[in-house]
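Asker: Following this message is one structure expressed as structure tokens.
Chains as they are written, first to last, in the numbering used here: chain U, 1 to 291; chain F, 292 to 601.
Dropping the structure here:
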């Protein structure tokens, strides 16, 4: 009996020590991984601040001896890069607005309006999520060509005003379904039309979903590469993604400028990510749990 | 009754944008691409459209480049997806422990998934550069350390030529894909946080080790998340375009070792203007993706554990 307490004490001390060691190892692993995840960005930043001689110096060094911020100005004037940024903004904003508006409309129809065939069309809507875009890409191209839309922004914008894709519709439908019926009943008694209900009652309440859809849409359109690659051939109309690609094929040897341009293109996404992370997480998890 | 009819009409009107889009930009193109896949057409006037039966599909079966592209894509998918799931789960486990500053780490691991695109792939070309790249600088440093410790020797050893050696192009693409695994990580993290604490307590009372708790409590509980990430990962990997296209400047890399299926499809459709053949390629991709999904769904029925209310 008398021998027990000291043994217990030693055991609990060992347990505490083991927990601390595990916590320390965990933290060290997290820090190491954080460095790994940041490494490509840091490496690009390092190259973007060096002269071309120093970029192609062996062995490579991470911290530049001289920080040539002027590389950024040079990179952005070598090609009409600000024009590309402007083009990206036009396409991205126009497509995202259409996507959010039309997805909220259609989502509302699927969530709150009783129309014949709603269940059937909802199954079709979900099925379109599984459809690889490549299967419909070629006839879509031929259609837009027939309409004279090639070399305009229409193929990159107009389709997103037509529902904005199954995922976004689903996002809005899930949200609108969760709004209690009492919300609309008072307005309905006052003689509000369906449009007024949607526009004045439901949409103002949907701000978190609108933010989620807007952030996700903006990022997707800003990054889109294949669409512009297929539809645009005049380089003055290029968005940043395609402009960068052209830069790489013309002036790829200028690694410092290329990295500067790549970082400038990524910067809006990093800022948007920092600001809108919680909305992105929400969207990501909705696909994960209900998909 | 009038109100009923009005709401009925409102429903159709509200859904109209999508209904029009679905019929015009999905259903019609779907039928058209199936029809095109049995035709030969260069896109110059409908008069030149020729029905060729199964020729496009027969040609595909004999097209060494197409088969190589399909093989490359399959090798990539079946490496990148399992590795990506393992990394994502590992990160999620590290993040699921309560400690200060955990939100910052989550942000860092998730960010690449959001920002990755043409620009970040270009940054990776510089990381992979055989001579001046960061990855090989790190490998050389590691090798020197091993030599200093008396393990092995450096003579005759060179770090991989990631983008120039056919054997290393696909590993490079896999490494790059691991960088973007943050989306799957978030799904795992949410699933881990939903595992009831009592289950772990019960397991501990039964004397389960940490590994046993992971194997018999965590894994079954998060199996729906694993399943979801697996299906989405496979579907996504077979459609990879940007990474392979940008990393190798729109070509297939050395010896076509990094020619991916969709890159080949793009080349056939929009550079060679072989719309019939490219449509056949697209339909084969569709069938493969569908088959894989069905396979995973069937497997999931045996392996995935769902709470009663889900």
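Backbone N, C-alpha and C fix where the C-beta goes; we use that ideal spot for every residue, glycine too.
#1: Using a Cβ-Cβ cut-off of less than 7 Å, list which residues of the region 536 to 565 of chain F approach chain U; keep chain order.
#2: Residue 218/U by DSSP, collapsed to three states: which one?
#3: Would a C-beta distance cut-off of 9 Å place residue 156/U and residue 219/U closer than the cut-off?
#4: Between which two residues does the alpha helix (DSSP H) holding residue 421/F run?
#5: Compute the Euclidean distance between the alpha carbons of residue 411/F and residue 403/F, then round it to the nearest angstrom.
#6: Quick check on residue 500/F: does DSSP put it in helix, strand or coil?
#7: Give the straight-line distance between the Cα atoms of residue 289/U and residue 478/F, rounded to the nearest whole angstrom.
#8: Determine the chain U residues that contact residue 569/F at a beta-carbon separation under 8 Å, and present them in chain order.
#9: Quick check: is the beta carbon of residue 249/U nearer than 9 Å to any beta carbon in chain F?
#10: DSSP three-state label for residue 58/U, please.
#11: I believe residue 228/U touches residue 242/U by the beta-carbon criterion, under 8 Å. Please report the beta-carbon distance rounded to the nearest angstrom.
#12: Quick check on residue 492/F: buried or exposed, where buried means 16 or more other Cβ atoms within 10 Å of its Cβ?
#13: Could you check whether residue 429/F and residue 454/F sit closer than 9 Å to each other, using their CB atoms as the reference points?
#14: Just the chain U side, please: which residues come within less than 7 Å of residue 403/F by C-beta, in chain order?
#15: Is it right to say residue 305/F is buried, meaning 16 or more other beta carbons lie within 10 angstroms of its own, or is it exposed?
#16: If you draw a straight line from the C-alpha of residue 461/F to the C-alpha of residue 367/F, how long is it?
#17: Could you pull out every unbroken beta strand (DSSP E) segment of at least 3 residues lying fully inside the region 471 to 547 of chain F, listed in chain order?
#18: Does the distance from the C-beta atom of residue 525/F to that of residue 438/F stay below 9 Å?
#19: Between which two residues does the alpha helix (DSSP H) harbouring residue 370/F extend?
#20: Would you be able to state if there are at least three C-beta pairs under 8 Å between the region 95 to 114 of chain U and the region 544 to 563 of chain F?
#21: Determine whether the Cβ of residue 336/U lies closer than 9 Å to any Cβ atom of chain F.
#22: Please state whether DSSP places residue 390/F in a helix, a strand or coil.
#23: Whether or not the region 246 to 257 of chain U and the region 47 to 59 of chain U are in contact is what I'm after, with contact meaning three or more pairs of Cβ atoms, one per stretch, closer than 8 Å; do they touch?
#24: Check whether the region 323 to 333 of chain F and the region 131 to 143 of chain U are in contact - that is, three or more C-beta pairs closer than 8 Å.
#25: By the three-class DSSP mapping on this structure, what secondary structure does residue 116/U have?
#26: Run through the DSSP bridge pairs and tell me what residue 330/F is partnered with.
#27: Could you check how far apart the C-beta atoms of residue 560/F and residue 566/F are, in whole angstroms? I think they sit under 8 Å.
#28: Do we get a CB-CB distance below 9 Å when we pair residue 130/U with the residues of chain F?
#29: Could you tell me whether the Cβ of residue 530/F comes closer than 9 Å to any Cβ of chain U?
#30: With a floor of 4 residues, list each alpha helix (DSSP H) that falls wholly inside the region 431 to 475 of chain F, ordered by position along the chain.
#31: Taking all protein chains shown into account, decide if residue 195/U is buried (16 or more other Cβ within 10 angstroms of its Cβ) or exposed.
#32: Can you tell me which of the three DSSP states residue 250/U falls into?
#33: Evaluate contact between the region 149 to 164 of chain U and the region 311 to 321 of chain F, counting only Cβ atoms and requiring at least three cross-stretch pairs below 8 Å.
#34: Should residue 24/U go down as buried or exposed, given a rule of 16 or more other Cβ atoms within 10 Å for buried?
#35: Give the residues from the region 105 to 121 of chain U that approach chain F closer than 8 Å (Cβ to any Cβ), ordered along the chain.
#36: Under 9 Å, do residue 143/U and residue 317/F count as touching if we go by C-beta distance?
Answerer: Per the coordinate set shown:
#1: Residues are counted here when their Cβ sits less than 7 Å from a Cβ of chain U; for the region 536 to 565 of chain F these are 537, 540, 553, 556, 560, 561, given in chain order.
#2: On the first chain, residue 218/U is found 218 positions in, with the first residue counted as 1. Three-state DSSP puts residue 218/U in a helix.
#3: The residue given as residue 156/U occupies position 156 in the first chain. The residue given as residue 219/U occupies position 219 in the first chain. For residue 156/U and residue 219/U, no; Cβs fall outside 9 Å.
#4: Looking up residue 421/F in the second chain gives position 130. Premise fails: residue 421/F is in no alpha helix (DSSP H) and is neither H nor E.
#5: Here residue 411/F refers to the residue found at position 120 of the second chain. Here residue 403/F refers to the residue found at position 112 of the second chain. Their backbone Cα atoms lie some 9 Å apart in a straight line.
#6: Within the second chain, residue 500/F is the residue found at index 209, counting from 1. Here residue 500/F sits in coil by DSSP.
#7: Residue mapping note: residue 289/U aligns to position 289 of the first chain, counting from 1. Residue mapping note: residue 478/F aligns to position 187 of the second chain, counting from 1. A caution first: residue 289/U carries a pLDDT of 45, below 50, which makes its placement in the model too unreliable to give a value.
#8: Position 278 of the second chain holds residue 569/F. Correct list: 138.
#9: By one-based count along the first chain, residue 249/U stands at place 249. Interface residue, yes.
#10: Mapped onto the first chain, residue 58/U falls at position 58. In the structure shown, residue 58/U sits in coil (DSSP, three-state: anything other than H, G, I, E or B).
#11: The residue labelled residue 228/U in the question sits at position 228 within the first chain. The residue labelled residue 242/U in the question sits at position 242 within the first chain. That pair is a contact at about 4 Å.
#12: For the purposes of this step, residue 492/F is taken as residue 201 along the second chain, with counting starting at 1. With fewer than 16 other Cβ atoms within 10 Å, it is exposed.
#13: Locating residue 454/F in the second chain gives position 163, counting from the first residue. Locating residue 429/F in the second chain gives position 138, counting from the first residue. No; because the gap between Cβ atoms is not below 9 Å, this pair is not in contact.
#14: One-based indexing of the second chain puts residue 403/F at position 112. Within chain U, the residues near residue 403/F are 37.
#15: By 1-based counting over the second chain, the position of residue 305/F is 14. By the neighbour-count rule (16 or more Cβ atoms within 10 Å), residue 305/F is buried.
#16: Your numbering for residue 461/F matches position 170 in the second chain. Your numbering for residue 367/F matches position 76 in the second chain. Their backbone Cα atoms lie some 6 Å apart in a straight line.
#17: Within the region 471 to 547 of chain F, no run of beta strand (DSSP E) at least 3 residues long lies entirely inside it.
#18: Stepping through the second chain from its first residue, residue 525/F is reached at position 234. Stepping through the second chain from its first residue, residue 438/F is reached at position 147. The answer is no: Cβ separation not under 9 Å.
#19: For the purposes of this step, residue 370/F is taken as the residue at position 79 of the second chain. 355 to 386 is the span of the alpha helix (DSSP H), which, as asked, contains residue 370/F.
#20: no
#21: Limits of chain U in this structure are 1 at one end and 291 at the other, which puts residue 336/U out of reach.
#22: Position 99 of the second chain, counting from 1, holds the residue named residue 390/F. Note: residue 390/F maps to coil in three-state DSSP.
#23: yes
#24: yes
#25: Taking the first chain and counting its residues from 1, the one referred to as residue 116/U is at position 116. Of the three classes helix, strand and coil, the one that applies to residue 116/U here is coil, per DSSP.
#26: Translated into positions along the second chain, residue 330/F becomes position 39. Answer is 342/F.
#27: In the second chain, counting from the first residue as 1, residue 560/F sits at position 269. In the second chain, counting from the first residue as 1, residue 566/F sits at position 275. Yes, they are in contact, since the Cβ atoms of residue 560/F and residue 566/F sit about 6 Å apart, within 8 Å.
#28: Against the first chain, residue 130/U aligns to sequence position 130. Chain F, which has a Cβ nearer than 9 Å to the Cβ of residue 130/U, makes this yes.
#29: The residue given as residue 530/F occupies position 239 in the second chain. It does: the Cβ of residue 530/F has a partner Cβ on chain U nearer than 9 Å.
#30: 457 to 470
#31: Residue mapping note: residue 195/U aligns to position 195 of the first chain, counting from 1. It counts as exposed.
#32: In the first chain, counting from the first residue as 1, residue 250/U sits at position 250. Looking at residue 250/U - three-state DSSP - the assignment turns out to be helix.
#33: yes
#34: Indexing the first chain from 1 puts residue 24/U at position 24. Exposed, by the Cβ-count rule.
#35: 105, 106, 108, 109, 110, 113, 114, 115, 116, 118, 121
#36: Within the first chain, numbered from 1, the residue matching residue 143/U stands at position 143. Within the second chain, numbered from 1, the residue matching residue 317/F stands at position 26. No, they are not a contact pair.
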